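Letter by letter, the sequence shown follows residues 26 to 608 of our numbering.
Working notes for the structure below.
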Amino acid sequence: MKNFLKAVLANIVAYFIIIFIFFGFFIFIIVASAASTGKDTKIKENSVLTISFKHKIIDYDTESEISIFSLKNNEELRYHDIVQAIKAAQNDDRIKGISIETDDIEAGNTQIDDIRKSIEDFKKSGKFVYAYGNIVSQGAYYLGSVADQYFLNPAGNIELKGIASEVVFLKDFAEKYGININVIRHGKFKAAVEPFLRNDLSAENKEQISTLINDVWSDTSAKMMQSRKLGAEEFKTIVDSLYSVIPELSLKHKLVDRLVQKSEYENIIKEKLNVPASEDFNKVSIAQYIHAQHNVEPSNDKIAVLYASGTIYNGNSLNDIHSERYISYIKELTEDDNIKAVVLRINSPGGSANASDEILFELQQLRQKKPLIISFGDYAASGGYYIAMAGEKIFAQNNTITGSIGVFSVFPDFKPLANKNGIHTEIVTTNANSNMMSPMAGVSAGTIDIMQKSVEQTYKRFVYFVSENRKKSAEEINAIGEGRVWSGKKAKEIGLVDEIGTLDDAIKYAASRAKLTDYQTESYPAKIDKLHMLFSSIEEENIAARYIKKEMDSDSYQFYQLLTNPKLKNSVQMMMPYSISIK
Numbered sequence: 026m027k028n029f030l031k032a033v034l035a036n037i038v039a040y041f042i043i044i045f046i047f048f049g050f051f052i053f054i055i056v057a058s059a060a061s062t063g064k065d066t067k068i069k070e071n072s073v074l075t076i077s078f079k080h081k082i083i084d085y086d087t088e089s090e091i092s093i094f095s096l097k098n099n100e101e102l103r104y105h106d107i108v109q110a111i112k113a114a115q116n117d118d119r120i121k122g123i124s125i126e127t128d129d130i131e132a133g134n135t136q137i138d139d140i141r142k143s144i145e146d147f148k149k150s151g152k153f154v155y156a157y158g159n160i161v162s163q164g165a166y167y168l169g170s171v172a173d174q175y176f177l178n179p180a181g182n183i184e185l186k187g188i189a190s191e192v193v194f195l196k197d198f199a200e201k202y203g204i205n206i207n208v209i210r211h212g213k214f215k216a217a218v219e220p221f222l223r224n225d226l227s228a229e230n231k232e233q234i235s236t237l238i239n240d241v242w243s244d245t246s247a248k249m250m251q252s253r254k255l256g257a258e259e260f261k262t263i264v265d266s267l268y269s270v271i272p273e274l275s276l277k278h279k280l281v282d283r284l285v286q287k288s289e290y291e292n293i294i295k296e297k298l299n300v301p302a303s304e305d306f307n308k309v310s311i312a313q314y315i316h317a318q319h320n321v322e323p324s325n326d327k328i329a330v331l332y333a334s335g336t337i338y339n340g341n342s343l344n345d346i347h348s349e350r351y352i353s354y355i356k357e358l359t360e361d362d363n364i365k366a367v368v369l370r371i372n373s374p375g376g377s378a379n380a381s382d383e384i385l386f387e388l389q390q391l392r393q394k395k396p397l398i399i400s401f402g403d404y405a406a407s408g409g410y411y412i413a414m415a416g417e418k419i420f421a422q423n424n425t426i427t428g429s430i431g432v433f434s435v436f437p438d439f440k441p442l443a444n445k446n447g448i449h450t451e452i453v454t455t456n457a458n459s460n461m462m463s464p465m466a467g468v469s470a471g472t473i474d475i476m477q478k479s480v481e482q483t484y485k486r487f488v489y490f491v492s493e494n495r496k497k498s499a500e501e502i503n504a505i506g507e508g509r510v511w512s513g514k515k516a517k518e519i520g521l522v523d524e525i526g527t528l529d530d531a532i533k534y535a536a537s538r539a540k541l542t543d544y545q546t547e548s549y550p551a552k553i554d555k556l557h558m559l560f561s562s563i564e565e566e567n568i569a570a571r572y573i574k575k576e577m578d579s580d581s582y583q584f585y586q587l588l589t590n591p592k593l594k595n596s597v598q599m600m601m602p603y604s605i606s607i608k
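What follows is the structure, encoded as structure tokens:
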């Protein structure tokens, strides 16, 4: 017995030692990471700013994710930091040019567009811009096509094929396996629920998808044609024929300037810099240059850029836009006297109608105290558009997906599936609809009736706030609403946004409204320390959610959320129907 107790005690001690070493190792990594980030970056004379996209480009995050599986910091770059760095390089005599490595790029359409515009502005300095690619995605080529010269690997290829939107329908699948999906909606264009109701696109949905992707492609292709000096018919033939897949045809049809190996490309840059071929030229990565730009004198007067990225939920989690936590940020900005104006940067497909309404109210309180300007990113749709109704001026970009003024609710009913597999339930209630949200008991007629009224009431509230902000009648909003999505360019034409412009344009306008000439921009939510982020990432919910989200495309993940997320299912939603990407 004595030996047994010794063995148990030894195992317990060993267990705690392992845990101590495990977390000690992670803390060491975090401290080392923070120390390496703090090192000064020395920019040498006659340098080239190298822009590659090995890291994901994001609007904003509270902190780069620390993976407990890969034992490394998964670095992400904020797109606005990239834009600001390129602008700084334009007037930096140490930077002689830009080299863009264009293989794949993990970024949103408007982010790519904004980075491209900043490089186009950089060219006005007279400095060179070269681009090189191996296996080049469509988005990466769109960005790289702005270069003075584009170089392609002789064994490489470019994916230039136009835009397609693919919708997966689940109606027959659900019926086959005994899942009844009850859908309540308002808006004939509210396509988010069509995959549960049909096996094909409705005429209205097909119309809006076609209009949207053609708007996006028209803007994107026009810029590529201008940069590569190609005519419209010529470019259409190139895309339709997939000539870009063959390097020689890419060269023949002027998509690229030369076919060279990477080492030859670097020698071309050396020649441009008057550096001997036997020597290396000075490179500074975009990440290094961003860090070098952060050493600036602070100002008391600040413009806050409040980022609203992701799905809108009730609750207090760190991920996405959770109303309780997000409202605390808004109140902080409202009460901070050093914050003279706020730019709300929205990159959200919407989400919970209730959470969206809570956030809208607090933003309206903020606007009573200081200017509130809105900037749309890749999408500001449904609930994402709803919260924008607190702003005094809305900036969107041509390829922003916006609108989706519509409401729906989804109730999955698993009773047929359960019964088919020998699972039965019996529910005892006190009132007629006490079991209204039970996924195992079916949905009563009373539940459907009251939820339809709830959806209709929420839609009326949505239309009211839009009509107030856009200074249009409810009838006018209904005519362009009904759940329909629009490109930013079209949204400007029909009055859903005020200006076509970037985040920088919105910040400059906010400064003018606050009568500021000397100011500092500050991003919110504030950064979270890496140790806090580590323990947050270990939570079971976060691990599962991050893994599933990583493995799914955005549309599939949206369906998954609707059916499984307790914060979304069985409640009224303001959600965008789908995403569109230049891939």
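Even for Gly, the Cβ is constructed at its ideal location relative to N, Cα and C.
Remember, predicted model here, so these are calculated numbers, not experimental data.
Judged by their CB atoms, Phe-420 and Gly-526 are nearer to each other than the 8 Å cut-off. Here Ala-380 is near Asn-339, since their CB atoms are less than 8 Å apart.
Beyond the five residues adjoining it in sequence on each side, Gly-203 comes within less than 6 Å, by CB distance, of Pro-441, Leu-442 and Lys-445 in the same chain, given in chain order. In the DSSP assignment, Glu-131 is bridged to no other residue.
Ala-180 sits away from Val-154, with the two beta carbons spaced by 8 Å or more. The Cβ atoms of Arg-119 and Ile-68 sit closer than 8 Å to each other.
By the Cβ rule, the stretch 334-348 counts as touching the stretch 365-379, because three or more pairs are nearer than 8 Å. Secondary structure note for Tyr-332: its beta strand (DSSP E) is the uninterrupted segment 327-334. By the Cβ neighbour-count rule, His-449 is exposed, with fewer than 16 other Cβ atoms within 10 Å of its own. Contact between Gly-122 and Lys-149 is ruled out by a C-beta separation of about 13 Å, above the 8 Å threshold. A straight-line Cα-Cα distance of about 34 Å links Ser-143 and Met-599. A check of alpha carbon separations from His-211 across Ala-165, Ser-170, Glu-481 and Ile-238 identifies Glu-481 as the nearest. In the DSSP assignment, His-105 falls within the unbroken alpha helix (DSSP H) covering 104-115. Straight-line spacing of the CA atoms in Glu-145 and Leu-237 works out to 26 Å. In this structure, the CA atom of Asp-345 is about 17 Å from the CA atom of Ala-413.
Within the same chain, Arg-119, Ile-120, Asn-307 and Val-309 come within 6 Å of Ser-72 by CB-CB distance, once the 5 residues on both sides are set aside. Scanning the stretch 464-499 for uninterrupted beta strand (DSSP E) segments of 3 residues or longer gives nothing; none is fully contained. Scanning the stretch 137-209 for uninterrupted alpha helix (DSSP H) segments of 4 residues or longer gives 163-169 and 196-201, listed from N- to C-terminal end. Beta-bridge annotation (DSSP): Val-73 is paired with Gly-122 and Lys-308. For the stretch 373-433, the full-length alpha helix (DSSP H) segments reaching 4 residues or more read 378-392 and 408-411 along the chain. Annotated three-state conformation of Ser-459 is coil, per DSSP. Annotated as distal: Phe-487 and Val-453, with beta-carbon spacing of 8 Å or more. Apart from sequence neighbours up to five positions away, the residues of its chain that approach Met-461 with a beta-carbon distance below 6 Å are Thr-472, ordered along the chain.
In the displayed model, Arg-370 falls within a strand according to three-state DSSP.
Shown here for Asn-224: same chain residues with a beta carbon closer than 7 Å to its own, the five before and five after excluded, namely Phe-194, Lys-196 and Asp-197 in chain order. Between Leu-369 and the set Lys-395, Ser-243, Asn-363 and Val-435, the nearest pair of CA atoms involves Lys-395.
Fully contained in the stretch 247-318 are the following alpha helix (DSSP H) runs of length 4 or more, in chain order: 257-265, 272-277, 287-298 and 311-318. Residue pairing by DSSP places Thr-454 in no beta bridge whatsoever. In the structure shown, Phe-78 falls within a coil segment according to DSSP collapsed to helix, strand and coil. The Cβ neighbour count for Thr-542, taken over all protein chains shown within 10 Å, is under 16; the residue is labelled exposed. Take Tyr-484, set aside five residues on each side of it, and the residues of its chain with a beta-carbon closer than 6 Å to its own are His-211 and Val-432, in chain order. Separation of Glu-131 and Asn-159 (C-alpha to C-alpha, rounded to the nearest whole angstrom) is 16 Å.
The alpha carbon of Ser-429 has as its nearest neighbour, out of Ser-400, Ser-512 and Ser-353, the alpha carbon of Ser-512. For Ser-537, the enclosing alpha helix (DSSP H) starts and ends at 528-538. Tyr-549 carries a strand assignment under DSSP once its states are collapsed to helix, strand and coil. In this structure, Phe-78 and Ala-156 do not form a Cβ contact; the two beta carbons are roughly 12 Å apart against a cut-off of 8 Å.
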